[in-house]
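Novice: The sequence shown begins at 1 in full-length UniProt numbering and counts up one residue at a time.
Quick reminder that beta carbons are idealized off the backbone N, C-alpha and C, glycines included.
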Amino acid sequence: MNHPSKMHNHFIITFLIMFFLYKPSAALRDGLHGGWKPIPDVTDPTVVSIGEFAIDEHNKESHDSLKFSNVIKGEEQVVQGTNYNLTITAAYGGAEKNYVALVWDIPWQKFRKLVSFNGPV
Ligand SMILES: *[C@@H]1O[C@H](CO)[C@@H](O)[C@H](O)[C@H]1NC(C)=O
1 MNHPSKMHNH
11 FIITFLIMFF
21 LYKPSAALRD
31 GLHGGWKPIP
41 DVTDPTVVSI
51 GEFAIDEHNK
61 ESHDSLKFSN
71 VIKGEEQVVQ
81 GTNYNLTITA
91 AYGGAEKNYV
101 ALVWDIPWQK
111 FRKLVSFNGP
121 V
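(1) Please indicate yes or no: does the CB of E96 lie closer than 8 Å to some heavy atom of ligand 1?
(2) Could you tell me which of K60, V42 and A95 sits nearest to N70, measuring between CA atoms?
(3) Flag this pair as yes or no: are the beta carbons of A90 and L114 separated by less than 9 Å?
(4) Using the C-alpha atoms, what's the distance from Y84 back to P120?
(5) For the candidate residues N9, F53, E75 and H8, whose alpha-carbon lies nearest to that of P40?
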């Protein structure tokens, strides 16, 4: 009489343990894969200002003189603030080329940092 109900409890406990073990591993999986999501609208003013910022910072750091044209694609990752991975078209002299910039933005701290800048790609 008691036996089936004990079995039942055992299954519930096993299920709960697996549930709680699964949650952190899902978080870890998302962390490892970065949790990057495509940016649906690359003409969004915030995205454009991040792109302009990336070109400005790159010009300052590398004494370059690229001119921002537009962002052609990008992805974002919510961390403490947001990481932006943008593919940006910029002109050097007459030639337009694409560059990939990683920008870390924390709007409520007015913090924005160019993490990496690569290209032309
Ligand atoms: C950023 O995007 C570019 C182009 O899509 C890609 O090659 C690169 O791996 C991405 N970088 C990160 C950190 O996700």
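Specialist: Walking through what the data contain:
(1) no
(2) V42
(3) no
(4) 18 Å
(5) E75
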